[in-house]
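Notes follow the structure.
Numbering (UniProt numbering), first residue to last: 1 to 270.
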């Protein structure tokens, strides 16, 4: 479903750019609907050339918006929101992508009663394989969440959660790609240790992780079931799994997500 009205972006770096490209490619938005406030003149020129969207130099120059996507860094959100507040039409929606910042914190920079949705996408959105969690104040019209789901559905699946769980979302899916990259790198390095050349090892590791994830998605089976499909009694996988358990990999992952969640909670207190 195509969105109606004028759509503004405050900031359009990697994540904002990925989202904008996804929206245009999926037909969720059309280029003439979009205006981007981008302080980096070279970046603004590139967006205008590549995507045929209008650009302005600052959020204060935006006007007549039905949807504003705050895609600046967390430390710049309040200022961008304040500058763009005058651009919002009645019944409009603001979406914030800032990790750690609560709805109430962002709302302080906006006019009273402004509809607001908080979203946490992740970097695989850059290749159309992202996943996003969204939340809103429960008293807000659910139609605004529907708009947000439409926006982020252009770059991957969307889930809806309560705001109290957004720091856990940030730790798991927002930060999660970095942890997976470490796993891929470690698998490849271990393959090199066993005699594989680096290019071959990296190809095997990368496609193994991607294929395994795709198996979970396509089959709908629990990962534990799929693990058992690979693990023959007394076989090589069973030997490797024993080492994973001895190394406490599961416990480390729990600790990683706990630490990242805790850090997310701290970001709104600065």
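Using N, Cα and C, we set each Cβ at its ideal position, and we do this for glycine too. Predicted, not measured: the structure shown is a model, and the values here were computed from it.
- For residue 52, no beta strand (DSSP E) encloses it, and the DSSP letter there is neither H nor E.
- Between the alpha carbons of residue 248 and residue 199 lies a gap of roughly 29 Å.
- Straight across, the Cα-Cα distance linking residue 175 with residue 122 is about 8 Å.
- Inclusion of residue 173 and residue 131 in the CB contact set at 8 Å is warranted, their separation being smaller than that value.
- Taking C-beta separations shorter than 7 Å and ignoring five residues to either side along the sequence, the partners of residue 180 in its chain run 209, following chain order.
- Inclusion of residue 106 and residue 134 in the CB contact set at 8 Å is not warranted, their separation being larger than that value.
- The three-state reading of DSSP puts residue 20 in helix, counting H, G and I together.
- One Cα belongs to residue 188, the other to residue 263, and the distance between them is close to 30 Å.
- Residue 134 is bridged by DSSP to 119 and 160.
- Annotated three-state conformation of residue 223 is helix, per DSSP.
- In this structure, the alpha-carbon of residue 63 lies about 7 Å from that of residue 88.
- Taking C-beta atoms as the reference points, residue 191 and residue 156 fail to come closer than 8 Å.
- Here residue 37 has 10, 56, 58, 59 and 62 as same chain residues with Cβ atoms under 6 Å from its own Cβ, once five neighbours each way along the sequence are excluded.
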